[in-house]
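S.K.:
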């Protein structure tokens, strides 16, 4: 188990704030950044990684998008398009889901 910098998983202050508020409970990234049992701290709150799973963009659901702070999957896609230059949603693109819980 390792202690991570919060920005390793949650790259923006907005997402870190949403995690503190319980609005963000997971994040999908292009590669694995943590293992189950790893922790990170935001302010005085400690979070533990409780699941790490390989997935594809096509596996994503509205519930996944909401767990990442979006209204639904369409809104999530729009967020990704704004955040990444030349981003194209391809259902078979491999991603890694990191789910975490406040301790």
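Residue numbers (the numbering used here): 7 to 109.
Glycine included, C-beta positions come from ideal geometry on N, C-alpha and C.
Predicted model, so just to flag it, every value in this text is computed and none were measured.
(1) Would you list, in sequence order, the uninterrupted beta strand (DSSP E) runs of no fewer than 3 residues that lie entirely inside the segment 40-102?
(2) If you draw a straight line from the C-alpha of residue 70 to the C-alpha of residue 32, how long is it?
(3) Check whether the segment 83-90 and the segment 40-51 touch, using three or more Cβ-Cβ pairs below 8 Å as the test.
(4) Quick check on residue 32: does DSSP put it in helix, strand or coil?
(5) Is it true that the segment 37-48 meets the segment 73-86, where meeting means three or more beta-carbon pairs spaced less than 8 Å apart?
(6) With 16 other CB atoms within 10 Å as the buried threshold, where does residue 93 fall?
(7) For residue 15, which three-state DSSP category applies?
M.R.: If we stick to the structure as given:
(1) Runs found: 45-48 and 51-62.
(2) Working through the chain shown from its first residue, we reach residue 70 at position 64. Working through the chain shown from its first residue, we reach residue 32 at position 26. C-alpha separation (whole angstroms): 8 Å.
(3) Result no; under three Cβ-Cβ pairs closer than 8 Å.
(4) In the chain shown, residue 32 corresponds to position 26, counting from 1. Residue 32: strand per DSSP, three-state reduction.
(5) The answer is no - the segment 73-86 does not touch the segment 37-48, with fewer than three Cβ pairs under 8 Å.
(6) Here the question's residue 93 lines up with position 87 in the chain shown. Burial check for residue 93: the Cβ neighbour count within 10 Å stays below 16, so the residue is exposed.
(7) Counting from 1 along the chain shown, the entry for residue 15 is found at position 9. Helix.
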